[in-house]
Amino acid sequence: MSDLTDLLYALTGISMGLHNKLGCDNQEEVYHRMLRTRLEKAGYKVTTRPQLTLLDDNHRVVRKFYPDLRVHSKNLQVLLEIKADPKGIQASDLRQARSYLSISQNDEAVLVLNFGTETLGQERAYQHRAQGTGRRPV
22 MSDLTDLLYA LTGISMGLHN KLGCDNQEEV YHRMLRTRLE KAGYKVTTRP
72 QLTLLDDNHR VVRKFYPDLR VHSKNLQVLL EIKADPKGIQ ASDLRQARSY
122 LSISQNDEAV LVLNFGTETL GQERAYQHRA QGTGRRPV
């Protein structure tokens with residue numbers, strides 16, 4: 022497995038442990054705070070609500086986005102978007118994740134986690150890079 026796959030697997034496992042402990046009836050902020058604590062306890066560097074800035078061609082700010090968490094591990098960064106929706110992960114949640122990746126050059130993936138259902142919901146969005154370059158296609 023790749024380092025990214027290993028990281029996403031570990032983050033999902035930590036999230037499942039939290040879901041098993043708390044169930045599905047809490048507000049998003051509860052899961053956010055407790056997940057951050059568990060990730061830090063597991064040795065990850067975690068940033069809360071990192072700023073992603075979308076600029077126009079004249080380098081003016083169009084919009085700022087604030088994903089829930091950024092997890093740093095080795096040379097990788099992954100964004101986490103936390104939900105507590107009893108309806109599950111929605112198409113709009115995945116669009117939101119893809120929009121984060123279209124702005125961020127440094128994050129390899131977004132892990133969308135939904136704690137609001139009986140079983141932990143999870144979806145992944147990956148950064149698309151030009152083959153062999155490590156850079157995103159233009």
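Sequential numbering from 22 applies to the sequence shown in this note's numbering.
Beta carbons: idealized from backbone N, C-alpha and C, even for Gly.
Per DSSP, residue i forms a beta bridge with which residues?
| i | result |
| --- | --- |
| G142 | N135 |
| K104 | N135 |
| A130 | V99, Y147 |
Assign residue i to buried or exposed, taking buried as 16 or more other Cβ atoms, counted over all protein chains shown, within 10 Å of its Cβ.
| i | result |
| --- | --- |
| S123 | exposed |
| N41 | exposed |
| V82 | exposed |
| N127 | exposed |
| R57 | buried |
| G64 | exposed |
| R91 | buried |
To which residues of the same chain is residue i closer than 6 Å at the C-beta, ignoring the five residues directly before and after it?
| i | result |
| --- | --- |
| Q152 | Per-residue confidence for Q152 stands at a pLDDT of 44, beneath the threshold of 50, marking its modelled position as unreliable; no derived number is given. |
For the candidate residues the options, whose alpha-carbon lies nearest to that of residue i?
| i | options | result |
| --- | --- | --- |
| T68 | G109, T138, H53 | H53 |
| R116 | L25, C45, R81, Y147 | Y147 |
| E139 | N47, P71, P88 | N47 |
| T74 | Y65, R59, E50, P88 | P88 |
| I35 | G44, R59, V51 | R59 |
| F86 | R70, V92, D78, L101 | R70 |
Excluding sequence positions up to five away, which residues of its chain have a Cβ less than 7 Å from the Cβ of residue i?
| i | result |
| --- | --- |
| L180 | The structure shown does not extend to residue 180, since the chain is modelled only from 22 to 159, so the question has no answer here. |
**OP:** Any chance you could list the alpha helix (DSSP H) runs of at least 4 consecutive residues sitting entirely within the stretch 37-102, in chain order?
**Re:** 49-62
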